[in-house]
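J.: Every position in the sequence shown, counted from 1, becomes a number in the working numbering once 26 is added. All C-beta atoms in this analysis are idealised placements derived from N, C-alpha and C, irrespective of residue type, glycine included. Because the structure is a prediction, the values reported are computed rather than measured.
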Amino acid sequence: MSFIEGIKEQARKDKKTIALPESEDERTIRAAAKVLEEGTADLILVGSEEEAKKMASDLGVNIDGAKFVDPATSEDLDSFVETLYELRKHKGMTPEKARETLLSDKTTFACMLVKTGAADGLVSGACHSTANTLRPALQILRTAPGAKLVSGFFVMDVPNCEYGENGVFVFADCGLNQDPDPDQLAAIANDSAASFKKLVGADAKVAFISHSTKGSAKHALVDKVVAAVNAAHEQYPDLNCDGEMQVDAAIVPSVGASKAPGSPVAGQANVLIFPNLDAGNSGYKLVQRLAKAEAYGPMLQGIAKPVNDLSRGCSWEDICGVIAITAVQAQD
């Protein structure tokens with residue numbers, strides 16, 4: 027069974043409700059139809075029911091099982107306005123501005139659905155930037171208790187691959203933090219390990235990635251990764267991690283044994299923590315395109331409730347996968 031089929035099976039066991047604010051997007055409509063057919067989540071589409079169903083009809087798909095909420099006619103609009111005003115008045119929010127925002131920004135409205143428990147999670151980003159998804163999520167849902175920061179990870183499922191957990195990896199941060207400091211890298215590693223365990227069901231083995239392995243190169247960039255490894259050992263003593271190491275030392279057993287003998291992670295890593303966004307974003311896209319990997323994300327971790335971003339280059343099948351993963355995250 028593939029990674030995503032296992033996720034879908036898990037999602038069906040305790041079905042959750044996921045809000046989709048991009049009801050005007052063709053890929054979202056196709057994905058919604060498939061999710062409803064497979065029974066991996068209940069769905070709330072934010073926007074015009076008439077327009078969404080017309081698009082579905084034109085595409086030859088069925089979304090009749092979805093619930094529709096149009097902000098302009100929602101009976102919850104007034105209470106959402108009051109809640110958003112109370113949450114943001116210290117930042118200059120007025121009731122009038124709150125109403126305008128909720129009527130014009132469907133992602134903000136969808137965040138209110140999650141905030142009030144009408145939905146268990148949210149998936150957006152097929153036709154909006156990460157900032158458009160993240161900003162209202164942080165303003166309304168806030169960070170999870172104990173979270174040091176919000177970060178983004180991808181679940182990578184590489185076909186015919188003997189590395190990682192049968193070809194499955196978590197890569198982080200690949201979509202959010204541009205140049206995390208050592209403490210932030212350590213926190214990203216700890217959160218990513220928890221995400222790996224939750225979604226893959228196996229123990230995480232975390233490698234901090236660098237162009238150096240165990241002192242083979244000297245540079246300030248290497249020093250940052252070494253400091254991150256030390257911070258992780260100190261702050262998260264139960265985290266199985268090591269570094270700094272090159273990618274081949276992290277995932278290939280023979281190379282790991284040669285370059286980092288005695289490491290508990292080298293040659294076995296299934297969670298790769300990249301030193302900055304340049305490396306992480308480039309790394310996941312290279313594996314996705316050249317190795318024909320399935321890339322699910324960028325998933326967000328550190329938010330109080332499950333909110334997940336999509337790449338604007340995603341397919342409708344990608345959206346189905348991220349909805350299922352979001353549903354599993356919501357099972358907590």
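Between the beta-carbon of V87 and the beta-carbon of R56, is there less than 8 Å?
T.: yes
J.: Do you know whose CA, among L167, L211, A213 and L225, lies nearest T134's CA?
T.: Among L167, L211, A213 and L225, the Cα nearest to that of T134 belongs to L167.
J.: So, for A305: in the same chain, excluding its five sequence neighbours on each side, which residues have a beta-carbon less than 8 Å away from its beta-carbon?
T.: I235
J.: For my contact list, L160 and A215 are in at a C-beta cut-off of 8 Å; report their separation, rounded to the angstrom.
T.: Contact doesn't hold; Cβ gap of about 20 Å is too wide.
J.: Would you give the residue range spanned by the alpha helix (DSSP H) that F135 belongs to?
T.: Counted as a single uninterrupted DSSP element, the alpha helix (DSSP H) harbouring F135 occupies residues K132 to K141.
J.: Could you check the C-alpha separation between S105 and A319 for me, to the nearest Å?
T.: 44 Å
J.: On a Cα-Cα basis, can you pick out the residue from M271, E270, S284 and G151 that is closest to P324?
T.: G151
J.: Can you name, in chain order, every residue of its own chain whose Cβ lies under 6 Å from the Cβ of V255, other than the five neighbours on each side?
T.: F234 and G269
J.: Less than 8 Å between the CB atoms is what I'm expecting for A145 and T239, so what's the real figure, rounded?
T.: Actually they do not touch by this definition, with Cβ atoms about 45 Å apart.
J.: Would the beta-carbon of H245 be found less than 7 Å away from any heavy atom of the ligand HEM?
T.: This structure simply doesn't include the ligand HEM, nor any ligand for that matter.
J.: Whole angstroms is fine: what's the gap from I329's alpha carbon to D229's?
T.: 22 Å
J.: Sort out for me which residues DSSP pairs Q327 with in a bridge.
T.: S177
J.: So for V50, helix, strand or coil by DSSP?
T.: Here residue 50 turns out to be Glu, not Val, going by the sequence shown. E50 falls in the coil class under three-state DSSP.
J.: So what's T159 in DSSP terms, helix, strand or just coil?
T.: helix
J.: Write down the C-beta distance between L110 and A124 rounded to the nearest angstrom, noting that I regard them as a contact closer than 8 Å.
T.: 4 Å
J.: Would you list, in sequence order, the uninterrupted alpha helix (DSSP H) runs of no fewer than 4 residues that lie entirely inside the region 248 to 314?
T.: As far as the region 248 to 314 is concerned, its whole alpha helix (DSSP H) runs of at least 4 residues are 273 to 277 and 279 to 285.
J.: What do you get for S308, buried or exposed, if any count of 16 or more other CB atoms within 10 angstroms of its CB means buried?
T.: exposed
J.: Output the distance between the C-alpha atoms of A170 and V333, rounded to the nearest integer angstrom.
T.: 12 Å
J.: Suppose contacts are defined by Cβ-Cβ distances below 8 Å. Is L164 in contact with V149 by that definition?
T.: The answer is no: Cβ separation not under 8 Å.
J.: With distance defined between alpha-carbon atoms, name the residue in Y189, Q355 and Q210 nearest to A275.
T.: Y189
J.: Quick check on this structure: which residue in Y262, E260 and S289 has the alpha carbon closest to the alpha carbon of M271?
T.: S289
J.: Just to check my reading of the structure: I89 and A45 have Cβ atoms closer than 8 Å, yes? What is that Cβ distance to the nearest angstrom?
T.: With 8 Å as the limit, I89 and A45 do not qualify as a contact, their Cβ atoms being about 14 Å apart.
J.: Can you tell me which of the three DSSP states T214 falls into?
T.: Correcting the residue type first, residue 214 is Ile in the shown sequence and not Thr. DSSP places I214 in helix when its eight states are reduced to three.
J.: By Cβ distance below 7 Å, which residues in the same chain neighbour L85 in space, the five residues on each side in sequence not counted?
T.: E52, I55 and R56
J.: Mind reading off the beta-carbon distance from A350 to T66? Whole number of angstroms is fine, and I expect it under 8 Å.
T.: The beta carbons of A350 and T66 sit about 5 Å from each other, so the pair counts as a contact at 8 Å.
J.: Tell me, which residues are paired with M182 by DSSP?
T.: F195 and A321
J.: Report the option in G118, L129, P206 and P279 whose CA atom is closest to the CA atom of E101.
T.: L129
J.: Are the Cβ atoms of A253 and P208 separated by less than 8 Å?
T.: yes
J.: What residues are listed by DSSP as bridge partners for L71?
T.: L46 and F94
J.: Taking buried to mean at least 16 other C-beta atoms within 10 Å of its own C-beta, is E191 buried or exposed?
T.: buried
J.: Look up L148 in the DSSP assignment and give the residues it is bridged to.
T.: Residue pairing for L148: DSSP places it in a beta bridge opposite A45 and V333.
J.: I'd like the span of the beta strand (DSSP E) that includes I235, first residue to last.
T.: V232 to I235
J.: Rank C137, G143 and S218 by C-alpha distance to the C-alpha of K174 and give the top, closest one.
T.: Comparing alpha-carbon positions, the option among C137, G143 and S218 lying closest to K174 turns out to be S218.
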